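> So that we are looking at the same thing, I have put the structure below in structure tokens.
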Amino acid sequence: MNAQLNRKKGTSAWKKIKQQKWLFLMILPGFLCTLLISYGPMFGMYMAFINYSPGGGSFFYQFFHSPFIGFTWFEYFFNSGDFYPIMRNTLAQSLLSLLIGFPAPIILALALNEVRQGLFKRVAQTVSYLPHFVSWVIAANIIITMLSSQGPLNQLLMALHFIDKPILFFQNGHMFWWIIGFSNTWKDMGFNAIIYLAAITSINSELYEAARVDGANRWKQMLNVTLPALVPTITILLILSLGNILNAGFDQQYLLQNTTILQYSDVIDTYTYRYGLQNGMLSYGAAVGLFKSAVAFVLVVSVNAWSRRVNQQSLY
């Protein structure tokens, strides 16, 4: 009986593939690109378990003939004095970016949705999107200029008599965490709001009409209609954000840090770059990067399972 059911299912699946062969053919290029670009390079994870040292010979020969050392590089990272400060900085910067940056695009999308003046709304959207398309090289220079000892922010605070002397933002390690959090929010807030604005446009207009009939003003409509309708989108994006909690970034830290605050600015990505590429410890850098990816995978699966159990919203 089970064999017959399996044959029927197989026949049905093959029949559907034949019926939709042109659709599958359209998917094929994207599937192949994903396979080659995203999954093909994953054999390089093996580097984390060997003592690879580049030389003048063939890469693949040296790669697969390097001595296998197992989890030695992982033990070296966990037992080194760098593990605690690197994890502290990464988590602090990521959590601050999440705490400040996650609700910001939701608030911006809700605010833009309530704007009725078309020209102002378009200008506000354009201005909020622009920072996302500015490279971190330019953005970092803007931030450094704004926060310098003679920069506009210090000048404003002194003019308002909030401070007596300039604040040295880039010589205080704890301030660097907040600088990264607000910088990430400023740069990506407008672009991330697009997702929520798109979700708002899909809300049934009859819900708003029913709310108005019940006497709800625009504020109550936003709280009782718009915001609840955004919960599935918010949940999915929160799961993805928590999965990237160890991905504090690289460009902004590398461009804004200096030797004075390195013990507070150094995160996993900059640490991997310094040891893996600059110091030539490729296997060690691969091990640290693999550790970060493994933690991210566990977090995504865990948060997804929790979300599915609590509010029936999940990625899969």
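Here UniProt numbering is used: position 115 in the sequence shown is 115, and no number is missing along the way. Glycine included, every Cβ here is placed at the ideal spot set by N, Cα and C. The model shown is predicted, which means the values in this text are computed figures rather than measured ones.
#1: Can you check whether the CB of Thr90 is closer than 9 Å to the CB of Val267?
#2: Measuring only the C-alpha atoms, how far is Lys15 from Lys21?
#3: When burial is assigned at 16 or more other CB atoms within 10 Å of the CB, is Val310 buried or exposed?
#4: So, helix, strand or coil for Leu5, using DSSP?
#5: In whole angstroms, give me the CA-to-CA distance for Ile234 and Asn244.
#6: So what's Ile163 in DSSP terms, helix, strand or just coil?
#7: Reducing DSSP to helix, strand and coil, say where Ile50 ends up.
#8: Please identify the residue among Ser205, Ser302, Ile200 and Pro54 whose C-alpha is closest to the C-alpha of Asn238.
#9: Give the straight-line distance between the Cα atoms of Gln257 and Ile194, rounded to the nearest whole angstrom.
#10: Verify whether the separation of the beta carbon atoms of residue 319 and Ile143 is less than 9 Å.
#11: Comparing alpha-carbon positions, which option in Thr270, Thr260 and Met146 lies nearest Gln253?
#12: Out of Lys187, Phe120, Gly118 and Ile100, point me to the one whose CA is closest to Ser135's CA.
#13: To which residues does DSSP link Phe68 through a beta bridge?
#14: Under 9 Å, do Leu110 and Tyr196 count as touching if we go by C-beta distance?
#15: In this structure, does DSSP put Ala248 in helix, strand or coil?
#16: Around the C-beta of Gln221, are 16 or more other C-beta atoms found within 10 angstroms, so that it is buried, or is it exposed?
#17: Sort Gln171, Pro232, Ala198 and Pro131 by Cα distance to Thr185 and report the nearest one.
#18: If you pair each beta-carbon of the region 273-291 with each one of the region 41-51, do three or more pairs fall below 8 Å?
#19: Mind the definition here: the region 92-103 touches the region 166-183 only if three or more C-beta pairs lie below 8 Å; say whether that holds.
#20: Suppose you measure from the CA of Gly249 to the CA of Leu242; what does that come to, to the nearest Å?
#21: With a CB to CB cut of under 8 Å and the five nearest residues on each side skipped, what residues in its chain are close to Leu5?
#22: Contact criterion: CB-CB distance below 9 Å. Does Val295 meet it with respect to chain B?
#23: Do you know whose CA, among Ser205, Gly151 and Ser53, lies nearest Ser66's CA?
#24: Rounded to the nearest angstrom, what separates Ser148 and Ala140 at their Cα positions?
#25: Ala111 by DSSP, collapsed to three states: which one?
#26: Let me know the beta strand (DSSP E) ranges lying completely inside the region 201-264, each 3 residues or longer, listed in chain order.
#27: By the DSSP assignment, the alpha helix (DSSP H) with Phe24 in it spans what residues?
#28: With Gly146 as the anchor, note down where its alpha helix (DSSP H) starts and where it stops.
#29: In its own chain, which residues sit with a C-beta less than 6 Å from the C-beta of Ile100, not counting the 5 before and 5 after it?
Quick look at the numbers:
#1: yes
#2: 10 Å
#3: exposed
#4: Reliability of the predicted coordinates at Leu5 is poor, the pLDDT of 47 falling under 50, and the value obtained from them is presented with this limitation in mind. Leu5 falls in the helix class under three-state DSSP.
#5: 15 Å
#6: coil
#7: strand
#8: Before going further, note that residue 238 is Leu rather than Asn in the sequence given. Among Ser205, Ser302, Ile200 and Pro54, the Cα nearest to that of Leu238 belongs to Ser302.
#9: 31 Å
#10: The chain is shown only over 1 to 316; residue 319 falls outside these bounds and no answer can be derived.
#11: Thr270
#12: Lys187
#13: Ile50
#14: yes
#15: coil
#16: buried
#17: Pro131
#18: yes
#19: yes
#20: 14 Å
#21: Note that Leu5 has pLDDT 47, beneath the 50 cutoff, so the model's placement of it is unreliable and no number is given.
#22: No chain B appears in the structure shown, which is made up of a single protein chain.
#23: Ser53
#24: 12 Å
#25: helix
#26: none
#27: Lys21 to Thr34
#28: The amino acid at residue 146 is misidentified as Gly; the sequence shows Met. Run containing Met146: Trp136 to Leu147, per the alpha helix (DSSP H) assignment.
#29: Gly181 and Thr185
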